Structure formats: structure tokens, C-alpha cells
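Student:
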Amino acid sequence: MKDDVPNLKDFDRRLRDEAQQEPTLEVPQGEPTSKTQIIAIYGKGGIGKSFTLANLSCMMAEQGKRVLLIGCDPKSDTTSLLFGGKACPTIIETSTRKKLAGEEVAIGDVCFKRNGVFAMELGGPEVGRGCGGRGIIHGFELLEKLGFHDWDFDYVLLDFLGDVVCGGFGLPIARDMAQKVILVASNDLQSLYVANNVCSAVEYFRKLGGNVGVAGLVINKDDHSGEAQAFAKAVNIPVLAAIPQDDDLRKKSANYQIVGTMESQWGPLFAQLAEAVAIAPPVRPKPLDQDGLLGLFDAKDTGGDYQLVPATDMDMRGSNAQPKPSLEVVYDDV
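All residue numbers for the sequence shown refer to UniProt numbering, where the first residue is 1 and numbers rise by one.
1) How far does the beta strand (DSSP E) with Y204 in it reach, from first residue to last?
2) If you draw a straight line from the C-alpha of I92 to the C-alpha of M316, how long is it?
3) State the CB to CB distance for the pair K75 and A185, rounded to an integer number of angstroms; the pair is presumed to be in contact (CB under 8 Å).
4) How is V184 classed by DSSP in three states: helix, strand or coil?
5) In whole angstroms, give me the CA-to-CA distance for P32 and Y306.
6) In whole angstroms, what separates the C-alpha of K251 from that of M314?
7) Let's see if you can read the secondary structure: which residues bound the beta strand (DSSP E) around K221?
8) With H, G and I counted as helix, E and B as strand and the rest as coil, what does DSSP make of A276?
9) Hey, out of T312, V329, E328 and Y331, whose CA is closest to Q322's CA?
10) So V218 and L273 are in contact, right, with Cβ under 8 Å, and what is the actual spacing, rounded?
11) By the three-class DSSP mapping on this structure, what secondary structure does M314 have?
12) Could you give the C-beta distance for V212 and P172, rounded to a whole number, given that I count them as a contact under 8 Å?
13) Could you give the first and the last residue of the continuous beta strand (DSSP E) run that contains D291?
14) If you scan the stretch 27-110 from start to end, which runs of the beta strand (DSSP E) of 3 or more residues do you find wholly inside it?
15) My output table needs one value for R250: the three-state DSSP class, helix, strand or coil.
16) Which residue wins for smallest C-alpha separation from F160, given the options T36, G48 and P325?
17) If I follow the unbroken beta strand (DSSP E) through V117, where does it start and stop?
18) List the endpoints of the continuous alpha helix (DSSP H) containing V235.
19) Short check: CB of E203 to CB of L296, under 7 Å?
20) Between S80 and D73, what straight-line distance do the alpha-carbon atoms span, to the nearest angstrom?
21) Taking just the CA atoms, how far does L308 sit from S57?
22) Could you name the residues of the same chain whose beta carbon sits closer than 8 Å to that of A230, not counting the 5 residues immediately before and after it, in chain order?
23) Whole angstroms is fine: what's the gap from G216's alpha carbon to I182's?
24) Quick check on the DSSP output: the alpha helix (DSSP H) that includes I173 runs from which residue to which?
25) Give the DSSP-derived three-state secondary structure of K113 in the structure shown.
26) Starting from A241 and walking both ways along the beta strand (DSSP E), at which residues does that stretch end?
27) CB D150 to CB R66, shorter than 7 Å?
28) Once the 5 residues before and after E222 are set aside, which same chain residues still bring their CB inside 8 Å of it?
29) Assuming the contact rule is C-beta atoms closer than 8 Å, V283 and N236 should be a hit. Round their C-beta distance to whole Å, please.
30) Pick from C88, S326, E104 and G124: whose alpha carbon is nearest that of K113?
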């Protein structure tokens with residue numbers, strides 16, 4: 001029904017109006033106080049968010065916690081890793097199918113479990129046929145109808161694509177749906193660029209009175225070159241874990257094998273990560289400007305020492321270039 005669809009234009013206009021106002025209130029920082037910790041994880045596509053979250057959620061469940069893992073990436077790779085490569089029906093496709101059949105969506109249609117972890121995928125629209133951010137919004141609206149706010153979990157982990165900066169993917173930050181954000185990055189410029197963008201989004205909404213903070217950074221495929229650690233220090237957030245660049249981890253991830261268990265040699269690493277995630281308070285980051293981000297890397301690797309050379313009108317015209325008469329008015333001496 002039309003009445004069930006939120007007016008996103010009004011929401012966008014209110015955000016723009018608020019953005020023009022100088023903040024007058026500093027939001028206090030501190031540890032989450034509600035029983036359920038809702039944590040949004042952001043990172044560059046392919047950086048290892050799904051690998052990190054699938055194993056983190058299994059470790060948390062092994063430690064006796066009730067965990068709900070929600071994939072919010074159109075690739076739907078979060079639950080695929082958890083379920084041994086098998087893709088589960090997404091909320092968006094299930095909702096569409098049920099609506100056409102005149103049926104209601106039930107929990108068992110979209111939520112599945114393994115090793116004590118409950119998991120679901122929001123999904124996304126078909127390529128070229130819709131807005132991924134709108135799909136996220138629709139997915140959370142359906143979760144609320146299914147009773148999301150009445151569910152009993154210790155942790156709700158949200159896996160978000162960090163490359164996309166539209167409002168839908170920024171929903172947990174913009175609407176205070178999560179208490180804190182965890183970033184996943186590696187020692188490369190592109191993944192840290194995405195992490196810095198997320199820090200900028202957190203800072204933007206903190207200025208508008210939001211409460212979401214960044215709990216820290218997980219360094220994946222760590223080669224010990226140190227750029228990710230330098231980034232964390234520069235933006236004033238802690239490093240929660242450094243997952244090494246290891247061939248055994250690469251092979252197990254590629255084969256959909258869970259290593260976030262004490263039966264694995266990697267169990268202690270994920271146990272430490274689970275503890276760090278639980279106690280890390282949400283802090284206000286200090287995002288870097290472009291030059292500050294480039295400064296974390298050797299200029300020989302990034303081209304950061306290049307000086308901009310302005311183009312001229314003659315350059316742009318190429319073979320059609322002709323000297324243009326000056327329009328300057330020159331007055332003769334009296």
C-alpha cells in the first residue's frame with residue numbers, strides 16, 4: 001500500500017536542511033547500554049568483510065552468545081560463507097515472490113541457522129533495475145514487520161558494502177540503528193580510502209546529533225607493511241585484530257570453510273577479536289583529507305609527490321588552436 005512506503009524525498013530534504021546547520025550539542029561517548037549490540041561492519045568490496053563476519057559470528061556463538069548475522073550486500077556472500085557456499089533466499093526476492101502470490105513472509109522463509117548463528121540476507125535488485133540503497137531500506141522495513149525490535153540477541157551484525165556512499169547503505173549510521181561501526185581494511189590505498197569515507201559519514205551524522213561511533217579497525221590480509229595501523233592511529237580508532245595474509249586462510253575462505261572455532265588453529269585469533277568487539281566503545285573518528293590519506297603511503301607508490309600542471313585554452317583546442325586577440329582595454333597615456 002502507498003501509505004506503507006516512506007517519503008524518501010522528505011527524508012532527504014530534512015537531512016540536507018540539517019546539514020546546513022552548525023551543530024550545537026556534543027554527543028557524549030561511551031559503551032553501548034542496551035542488551036543487544038547492533039554492529040555495522042563496513043569495508044571495500046572484496047576486502048574480507050564476509051570472511052571476517054562469518055567466522056566472528058561462529059566464534060561468538062561458540063562462546064555462548066546469541067548472534068544474528070544480516071548480509072546487507074547485494075552480492076549475498078555473507079551467508080554463502082556461513083552455509084558452506086549455499087546461497088539462502090534473500091529478503092527482497094522472497095518478499096517480491098510472496099507479495100505476487102498474496103502471501104505473508106514468515107521468519108522461516110528468510111532466516112536460517114548453523115552452529116548457533118542465525119543468518120539472513122537482505123539481497124538487492126537485479127542489475128540495472130533498481131537502487132541497492134532502496135533495497136536496504138525495504139529490507140529493514142520488512143524486518144521491523146517481522147518483529148526485529150522484539151528479537152532476543154546479544155549481537156546483531158550487519159555486513160555492509162562500503163564502496164557505496166548512498167543513503168541506503170548508510171542507513172545504520174544515519175538513523176542510529178547501530179551503536180557502533182567496525183571497519184575492515186588492508187594495507188592498500190583503496191580499502192583505506194573506503195574506511196576513511198565511512199569515518200567521514202560517521203562524523204557527519206555525529207555533527208547532526210547522531211550517536212553511532214567507530215569501535216575500531218580489523219586489518220585483513222595483513223602483510224605487516226603498516227599503512228592500516230598508521231591509518232587507525234591517524235583517525236584515532238583502535239586496531240581490533242590483524243588477520244595475517246596466509247595461504248591457509250585464503251584456501252579455507254575460498255572453500256567456504258569456517259575457521260572461527262577453537263577446533264581451528266585460527267580459533268584464538270577470532271576469540272580475541274570477539275572479546276575486542278564486545279568491549280570496544282564507539283568513538284568519534286577524525287577522518288583524513290585526501291592529502292592526509294596519501295601521506296600514509298610512500299609518494300613513489302602513490303604519485304603523491306606529483307605537482308598539478310594547469311591546462312590552457314590552447315591545449316584544449318589542439319590542432320584548432322589559434323591565438324585569440326586580447327580583450328584587455330589599453331588606454332593611451334594622456
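Even glycine gets a Cβ: it sits at the ideal position worked out from N, Cα and C. Remember, it's a predicted structure, so these values are computed and weren't measured experimentally.
Tutor: Based on what the coordinates show:
1) Locating residue 204 in the sequence shown gives position 204, counting from the first residue. Taken as a continuous stretch (DSSP letters only), Y204 belongs to no beta strand (DSSP E), being part of the alpha helix (DSSP H) at L189 to K207.
2) The residue labelled residue 92 in the question sits at position 92 within the sequence shown. The residue labelled residue 316 in the question sits at position 316 within the sequence shown. Distance between the alpha carbons of I92 and M316: 48 Å.
3) The count along the sequence shown starts at 1 and reaches residue 75 at position 75. The count along the sequence shown starts at 1 and reaches residue 185 at position 185. Wrong, their Cβ atoms sit about 18 Å apart, outside the cutoff.
4) By one-based count along the sequence shown, residue 184 stands at place 184. DSSP places V184 in strand when its eight states are reduced to three.
5) Along the sequence shown, one-based indexing puts residue 32 at 32. Along the sequence shown, one-based indexing puts residue 306 at 306. For P32, the pLDDT reaches just 44, beneath the cut-off of 50, and the residue's location in the model is therefore unreliable, leaving the point undetermined.
6) Indexing the sequence shown from 1 puts residue 251 at position 251. Indexing the sequence shown from 1 puts residue 314 at position 314. Approximately 55 Å, taken between the alpha carbons.
7) Residue 221 sits at position 221 when you count from the first residue of the sequence shown. Start and end: G213 to D222.
8) Here residue 276 is taken as the residue at index 276 of the sequence shown, counted from 1. Helix.
9) Position 322 of the sequence shown, counting from 1, holds the residue named residue 322. Among T312, V329, E328 and Y331, the Cα nearest to that of Q322 is on T312.
10) To locate residue 218, count along the sequence shown from 1; it is residue 218. To locate residue 273, count along the sequence shown from 1; it is residue 273. Contact holds; Cβ gap of about 7 Å.
11) Translated into positions along the sequence shown, residue 314 becomes position 314. In the structure shown, M314 sits in a helix (DSSP, three-state: H, G or I).
12) Residue mapping note: residue 212 aligns to position 212 of the sequence shown, counting from 1. Residue mapping note: residue 172 aligns to position 172 of the sequence shown, counting from 1. So it is a contact: roughly 7 Å between Cβ atoms.
13) To locate residue 291, count along the sequence shown from 1; it is residue 291. Per DSSP, D291 belongs to no beta strand (DSSP E); it is in the alpha helix (DSSP H), Q290 to L294.
14) As for any beta strand (DSSP E) of minimum length 3 sitting wholly inside the stretch 27-110, the runs are 37-43 and 67-72, ordered along the chain.
15) Here the question's residue 250 lines up with position 250 in the sequence shown. Note: R250 maps to helix in three-state DSSP.
16) Taking the sequence shown and counting its residues from 1, one reaches residue 160 at position 160. Nearest C-alpha to F160: G48.
17) Here residue 117 corresponds to residue number 117 of the sequence shown, with the count starting at 1. From DSSP, the beta strand (DSSP E) with V117 extends over V117 to E121.
18) The residue given as residue 235 occupies position 235 in the sequence shown. From DSSP, the alpha helix (DSSP H) with V235 extends over E227 to V235.
19) Position 203 of the sequence shown, counting from 1, holds the residue named residue 203. Position 296 of the sequence shown, counting from 1, holds the residue named residue 296. Result no, Cβ atoms of E203 and L296 do not sit closer than 7 Å.
20) For the purposes of this step, residue 80 is identified with residue 80 of the sequence shown, where counting begins at 1. For the purposes of this step, residue 73 is identified with residue 73 of the sequence shown, where counting begins at 1. Approximately 12 Å between the Cα atoms of the pair.
21) Residue 57 sits at position 57 when you count from the first residue of the sequence shown. Residue 308 sits at position 308 when you count from the first residue of the sequence shown. For S57 and L308, the distance between alpha carbons rounds to 47 Å.
22) Counting from 1 along the sequence shown, the entry for residue 230 is found at position 230. Counting only Cβ-Cβ distances below 8 Å, and skipping sequence neighbours, we find L296.
23) Indexing the sequence shown from 1 puts residue 216 at position 216. Indexing the sequence shown from 1 puts residue 182 at position 182. In a straight line, the C-alpha of G216 is about 5 Å away from that of I182.
24) Taking the first residue of the sequence shown as 1, we reach residue 173 at position 173. From DSSP, the alpha helix (DSSP H) with I173 extends over L171 to A174.
25) Here residue 113 corresponds to residue number 113 of the sequence shown, with the count starting at 1. Residue state, collapsed to three classes: strand.
26) Along the sequence shown, one-based indexing puts residue 241 at 241. From DSSP, the beta strand (DSSP E) with A241 extends over V239 to P244.
27) The residue given as residue 150 occupies position 150 in the sequence shown. The residue given as residue 66 occupies position 66 in the sequence shown. No, the pair does not count as a contact, with Cβ atoms beyond the cut-off.
28) Stepping through the sequence shown from its first residue, residue 222 is reached at position 222. The sequence shown places Asp at residue 222, rather than the Glu named in the question. Cβ within range, chain order: S186, N187, A228, A242, I243, P244 and Q245.
29) Position 283 of the sequence shown, counted from the first residue, corresponds to residue 283. Position 236 of the sequence shown, counted from the first residue, corresponds to residue 236. Right, their Cβ atoms sit about 7 Å apart.
30) Mapped onto the sequence shown, residue 113 falls at position 113. Looking from the CA of K113, the closest CA among C88, S326, E104 and G124 belongs to C88.
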